[in-house]
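What follows is one structure encoded as structure tokens, with my remarks underneath.
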Amino acid sequence: MKSIAEKSLSKVPEVTLVFWVIKIAATTLGETGGDAVTMSMNLGYLVGTAIFAAIFVVAVGAQIAAKRFHLYLYWAVIVATTTAGTTLADFADRSLGIGYVGGSSLLFVLLMASLGLWYWSQGSVSVSAIDSPKGEAFYWATIMFSQTLGTALGDWMADTTGLGYEGGALVFAAGLAIVAAAYYWTSVSRTLLFWAAFILTRPLGATVGDFLDKPLDHGGLALSRYSASAALMVFMLACIFFLPQRAEKRRPVTPNGR
887 MKSIAEKSLS
897 KVPEVTLVFW
907 VIKIAATTLG
917 ETGGDAVTMS
927 MNLGYLVGTA
937 IFAAIFVVAV
947 GAQIAAKRFH
957 LYLYWAVIVA
967 TTTAGTTLAD
977 FADRSLGIGY
987 VGGSSLLFVL
997 LMASLGLWYW
1007 SQGSVSVSAI
1017 DSPKGEAFYW
1027 ATIMFSQTLG
1037 TALGDWMADT
1047 TGLGYEGGAL
1057 VFAAGLAIVA
1067 AAYYWTSVSR
1077 TLLFWAAFIL
1087 TRPLGATVGD
1097 FLDKPLDHGG
1107 LALSRYSASA
1117 ALMVFMLACI
1127 FFLPQRAEKR
1137 RPVTPNGR
């Protein structure tokens, strides 16, 4: 029998500064790792998507089946969503030929649909209200759409607007700063701010990842995708090992999403 304390805990980490630091590292790793498979290994976007989608299905299945919070498993699923999101967005934007605007628009609709269905089914899209496998499934589906959308947005900002990878990263970092300011100095729904920040961290990681591994004549640093991915992985593991993270507590959600 589970104790009352165990029953009150979610299977996702508490949302703290550490959470966001690791999340940004994971999204950057998703970009360099995804590109390493599709570009450096020359496997292409379709094969890369199939590989990472399979990893995601296995990882999220293990996460949903787990009876309690497992920190390393949770972040493994997050990395799986970022790598799969990278290759899937690139496949949609480039191989299918729908472009960054078309890909971003399609993924935005899918993300909003996932959130809408989740709210209709569960009555809340707050991470504090996840208390069933069905709620977890909606949570991970929404994350997958947000990670894929973020990749398309990052590529669009860097390539189409002419801002480049550094400029794109600054734009998304500024967006995150606005969300943080709203969190501390306004009464805007915390659930809304969480998903806004979650979405924005992905294009930030995508532009930073591209800046690290793209050729010099494309505005990047031309670092090895393998080396960059390995360094990001070590950083993530160090953060997970040395910095404390607790499971999010389940609690009732008030009308303003706090």
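So the sequence shown is numbered by our numbering: it starts at 887 and just counts up by one. Yeah, the Cβ is synthetic: ideal placement off N, Cα and C, and Gly gets one too.
{"query": "Sequence-distant residues of the same chain with beta carbon closer than 8 Å to isoleucine 890, five excluded per side", "result": "Unreliable placement is indicated for isoleucine 890, whose pLDDT of 42 sits below 50; no coordinate value is reported for it."}
{"query": "Residue span of the beta strand (DSSP E) that contains alanine 978, given as start and end", "result": "Element bounds for alanine 978: n/a, residue is neither H nor E."}
{"query": "Whole-angstrom distance between leucine 1056 and glutamate 892, CA atom to CA atom", "result": "Caution applies to glutamate 892, whose pLDDT of 48 falls short of 50 and renders its modelled position unreliable; the value that the coordinates give is listed next. Each residue's Cα considered, the two are about 41 Å apart."}
{"query": "Beta bridge counterpart(s) of lysine 953 as assigned by DSSP", "result": "Partner(s): none; lysine 953 has no beta bridge."}
{"query": "Given alanine 1063 as reference, the closest of Gly1040, Met1122 and Thr1087 once Cα atoms are compared", "result": "Thr1087"}
{"query": "Threonine 1077 classed as buried or exposed, judged by whether at least 16 other C-beta atoms fall within 10 angstroms", "result": "buried"}
{"query": "Collapsed DSSP secondary structure at proline 1101 in the structure displayed", "result": "coil"}
{"query": "Alanine 945 versus tyrosine 958: straight-line alpha-carbon distance, rounded", "result": "11 Å"}
{"query": "Runs of beta strand (DSSP E) lying entirely within the stretch 978-1056, each at least 3 residues, in chain order", "result": "none"}
{"query": "Beta-carbon proximity list for proline 932, same chain, < 7 Å, skipping 5 on both sides", "result": "Reading the sequence as shown, one finds leucine at residue 932 and not proline. Only Phe977 and Ser981 meet the Cβ criterion."}
{"query": "Alanine 1108 versus serine 896 - alpha carbon distance", "result": "41 Å"}
{"query": "Check whether phenylalanine 942 and threonine 967 have beta carbons under 8 Å apart", "result": "yes"}
{"query": "Beta-carbon gap between serine 1010 and lysine 1135 smaller than 8 Å", "result": "no"}
{"query": "C-alpha distance - aspartate 1041 paired with glycine 971, whole-angstrom precision", "result": "12 Å"}
{"query": "Opposing strand residues paired with alanine 1133 [DSSP bridges]", "result": "Pro899"}
{"query": "From Met1122, Arg1111 and Gln1131, residue whose alpha carbon lies closest to that of methionine 927", "result": "Arg1111"}
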